[in-house]
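Trainee: Sharing a structure below in structure tokens format, with a few things to ask.
Protein chains: 2
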Amino acid sequence: MQDIFISPLTSGLTSWVEAFPKAKISAMVNAKPTKVQKNASYMFWLHMNEDRQQWLTSTIDLIQKKYENAKIVVLANAPNQAEAFYAMSMGVVAYSHAYSPAFVLTEIKTVISHGGVWLGPDLLKRIIEVSTSLAGNQAEQVNQHLKTLTKREKEVAVEAAKGLSNKEIARILNITERTVKAHLSSTFERLGAKDRLHLALMLNKKA
Amino acid sequence: MQDIFISPLTSGLTSWVEAFPKAKISAMVNAKPTKVQKNASYMFWLHMNEDRQQWLTSTIDLIQKKYENAKIVVLANAPNQAEAFYAMSMGVVAYSHAYSPAFVLTEIKTVISHGGVWLGPDLLKRIIEVSTSLAGNQAEQVNQHLKTLTKREKEVAVEAAKGLSNKEIARILNITERTVKAHLSSTFERLGAKDRLHLALMLNKKA
DNA sequence: ATTTACCTTGTCCTTTAGTACAATAGTTTT
DNA sequence: AAAACTATTGTACTAAAGGACAAGGTAAAT
Chain Z
2 MQDIFISPLT SGLTSWVEAF PKAKISAMVN AKPTKVQKNA SYMFWLHMNE
52 DRQQWLTSTI DLIQKKYENA KIVVLANAPN QAEAFYAMSM GVVAYSHAYS
102 PAFVLTEIKT VISHGGVWLG PDLLKRIIEV STSLAGNQAE QVNQHLKTLT
152 KREKEVAVEA AKGLSNKEIA RILNITERTV KAHLSSTFER LGAKDRLHLA
202 LMLNKKA
Chain W
2 MQDIFISPLT SGLTSWVEAF PKAKISAMVN AKPTKVQKNA SYMFWLHMNE
52 DRQQWLTSTI DLIQKKYENA KIVVLANAPN QAEAFYAMSM GVVAYSHAYS
102 PAFVLTEIKT VISHGGVWLG PDLLKRIIEV STSLAGNQAE QVNQHLKTLT
152 KREKEVAVEA AKGLSNKEIA RILNITERTV KAHLSSTFER LGAKDRLHLA
202 LMLNKKA
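Chains as they are written, first to last, in the working numbering: chain Z, 2 to 208; chain W, 2 to 208.
Structure below.
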């Protein structure tokens, strides 16, 4: 696998060289690669200075168009979360500090070449925090709530949380509006919700 | 670093043995370790069968209490996202399939021992999708909605979306309850919301 | 100067929501 | 078998919510 560092620097950082002595370093991606072997695989290490999101976007686009299956890693001078998210959403498979020591770089390469994705511990931790409080765990938390309810209460609760009125809920569950109220009342009590709006907020929670 | 596999199996899977021939395998964590060297570092590989969340929780707790700085990895027979999130939130530093090939296990160990955190590509991809679509997009969409409202309507709307009653909103905005209703009514019309619950769902949307 | 958009508040009325107090009947647990 | 939990529905009442109709005041745009 051929490593190519794209950086404004004329010579690579020492850690890069240490990790990958045979890597190429160039200022920009060769749009018309002279010899793109069929089975050759490329790993691009994009050196990211601040305020180059424009450049990042177009460069990644270019690489993805010209080089099939190329792995793209972003090395940021000043890593930041938003940029990392952005890069990953474009298909970048690793995001790390430009001054990461050599062993981290080789580690990254190991992970990447096995089809993995690499993020520094801090970032990953942050992502996990974010996601656990959001989507992933959301289902969990909702379940946590719902599991304290009886079967029927659950059914009523989820409909109510969608914004349906008691009458509508009654119709689709084929019970009386009064019964809906009964289930909702006990639901409120069990979950400590003040009313259906709070219930909805609990079950649609994003925090 | 001493590797300890905690599993109901009497002998480890072949990939485990291949990756770590010198690892110990035991059915449970030794609560009172006979010889916990000061500087010894331990890596626990918890083999997770389905429906053992209880066990997982208590085991992780136990390890964290008895072994300082121990790294904990979960190997799941049937990996699933919710469980992964849960485990990571408890401080587990890697989560993977129990039948991961040996090279993945060593890869995990490499990453972990350098202070990293390891997740399989699928899971990580999912996490990234989730976080980007949430953290980023959500605010956008809400703004989209809010910007069609007047200043005052906005203020009322956000309070209503939190679950406050008209009376409460009136108090904090220092206006009459009637005025709150007026703002809400026009808000409903502008945003096409049926009532305050729908408004809340719109403004708290997680998509 | 006139129109337009906001903010404010009033009264009146209808519809929902939610609770209190009860009751019947099936299921599960102890 | 008795106790506890669940599902169902009734009547009645209180309190919000939301709309209809109306109107006075301010500020900006035409």
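For glycine and all other residues, C-beta sits at the position ideal for the given N, C-alpha and C.
Could you tell me the boundaries of the alpha helix (DSSP H) in which Z:Phe189 lies?
Mentor: Glu178 to Leu192 is the extent of the alpha helix (DSSP H) around Z:Phe189.
Trainee: Measuring CA to CA, which of Z:Ile61, Z:Leu10, Z:Pro80 and Z:Ala103 is closest to Z:Pro22?
Mentor: Nearest option by C-alpha distance: Z:Ala103.
Trainee: Taking the beta carbon of Z:Asp4 as the centre, do at least 16 other beta carbons fall within 10 Å, making it buried, or is it exposed?
Mentor: Buried: at least 16 other Cβ atoms inside 10 Å.
Trainee: Leaving out five residues before and five after W:Arg153 in sequence, what residues of the same chain have Cβ atoms less than 7 angstroms from its Cβ?
Mentor: The residues are His184.
Trainee: Mapping DSSP to helix, strand and coil, what is Z:Met89?
Mentor: DSSP places Z:Met89 in helix when its eight states are reduced to three.
Trainee: Say whether the region 189-206 of chain Z touches the region 64-83 of chain W, bearing in mind that this needs 3 or more beta-carbon pairs closer than 8 angstroms, one atom from each stretch.
Mentor: Because the criterion of three Cβ pairs below 8 angstroms is not met, the region 189-206 of chain Z and the region 64-83 of chain W do not touch.
Trainee: Where does W:Asp4 fall in DSSP's three states?
Mentor: W:Asp4 falls in the strand class under three-state DSSP.
Trainee: Give me the DSSP bridge partner(s) of W:Lys67.
Mentor: Answer is none; W:Lys67 lacks a bridge partner.
Trainee: Anything in chain W within Cβ reach of Z:Val201, meaning under 9 angstroms, just list it in chain order.
Mentor: Residue identity differs from the one stated: residue 201 of chain Z is Ala in this sequence, not Val. Ordered by position in chain W, the residues that pass the 9 angstroms Cβ test against Z:Ala201 are Gly164, Leu198, Ala201, Leu202 and Asn205.
Trainee: Assuming Z:Ala95 contacts Z:Trp119 under a Cβ cut-off of 8 angstroms, what Cβ separation, rounded to an integer in Å, is found between them?
Mentor: Right, their Cβ atoms sit about 4 angstroms apart.
Trainee: Would a check of beta-carbon distances place W:Leu47 closer than 9 angstroms to chain Z?
Mentor: Taking Cβ atoms only, chain Z never reaches closer than 9 angstroms to W:Leu47, which makes this a no.
Trainee: Measuring only between beta-carbons, confirm whether Z:Glu51 sits less than 9 angstroms from chain W.
Mentor: So, not an interface residue.
Trainee: Going straight from the alpha carbon of W:Phe189 to that of W:Asn167, what length do you get?
Mentor: W:Phe189 and W:Asn167: Cα-Cα distance of roughly 14 angstroms.
Trainee: How should W:Gly164 be labelled, buried or exposed, when 16 other C-beta atoms within 10 angstroms of its C-beta is the threshold for buried?
Mentor: With 16 or more Cβ atoms within 10 Å of its Cβ, W:Gly164 is classed as buried.
Trainee: Kindly list the residues whose CB is nearer than 8 angstroms to the CB of Z:Pro9, restricted to its own chain and excluding five residues on each side of it in sequence; keep chain order.
Mentor: Closer than 8 angstroms at Cβ, skipping near neighbours: Ala28, His48 and Asn50.
Trainee: Within 10 Å of its beta-carbon, does Z:Ala158 have 16 or more other beta-carbons around it, so buried, or fewer, so exposed?
Mentor: Buried is the call here.
Trainee: List the residues of chain W that Z:Phe21 touches, going by C-beta distances under 7 angstroms, in chain order.
Mentor: Ordered by position in chain W, no residue passes the 7 angstroms Cβ test against Z:Phe21, which lies about 17 angstroms from the chain.
Trainee: Rounded to whole angstroms, how far is the Cβ of W:Asn205 from the Cβ of Z:Asn205, which I believe are closer than 8 angstroms?
Mentor: Rounded, the Cβ-Cβ distance is 6 angstroms, consistent with contact.
Trainee: Could you say which of Z:Ser101, Z:Tyr100, Z:Val105 and Z:Leu63 lies nearest to Z:Val93 if we only look at CA atoms?
Mentor: It is Z:Leu63.
Trainee: Residue range of the alpha helix (DSSP H) that W:Val18 falls in?
Mentor: It spans Thr15 to Ala20 - the alpha helix (DSSP H) in which W:Val18 sits, taken as one unbroken run.
Trainee: Using DSSP with H/G/I as helix, E/B as strand and the rest coil, what is W:His115?
Mentor: Here W:His115 sits in coil by DSSP.
Trainee: Between the beta-carbon of Z:Glu108 and the beta-carbon of W:Val105, is there less than 9 angstroms?
Mentor: Contact: no.
Trainee: Residues bridged to W:Tyr96 by DSSP?
Mentor: The partner list for W:Tyr96 (beta bridge, DSSP) reads W:Val75 and W:Leu120.
Trainee: Alpha carbon to alpha carbon, how far is Z:Ile7 from Z:Gln54?
Mentor: Cα to Cα, the separation comes out at about 14 angstroms.
Trainee: Using a beta-carbon distance below 9 angstroms, is W:Leu106 in contact with chain Z?
Mentor: Not an interface residue.
Trainee: Compute the Euclidean distance between the alpha carbons of W:Ser97 and W:Met2, then round it to the nearest angstrom.
Mentor: Spanning the two alpha carbons is a distance of roughly 20 angstroms.
Trainee: Quick check on Z:Lys110: buried or exposed, where buried means 16 or more other Cβ atoms within 10 Å of its Cβ?
Mentor: That one is buried.
Trainee: Quick one: is the Cβ of W:Lys163 within less than 8 angstroms of any heavy atom of the ligand MG?
Mentor: In the structure shown, the ligand MG is absent, as is every other ligand, since no ligand is present at all.
Trainee: Could you give the distance in angstroms between the alpha-carbon of Z:Ser16 and the alpha-carbon of W:Ala162?
Mentor: Between Z:Ser16 and W:Ala162, the C-alpha separation is close to 52 angstroms.
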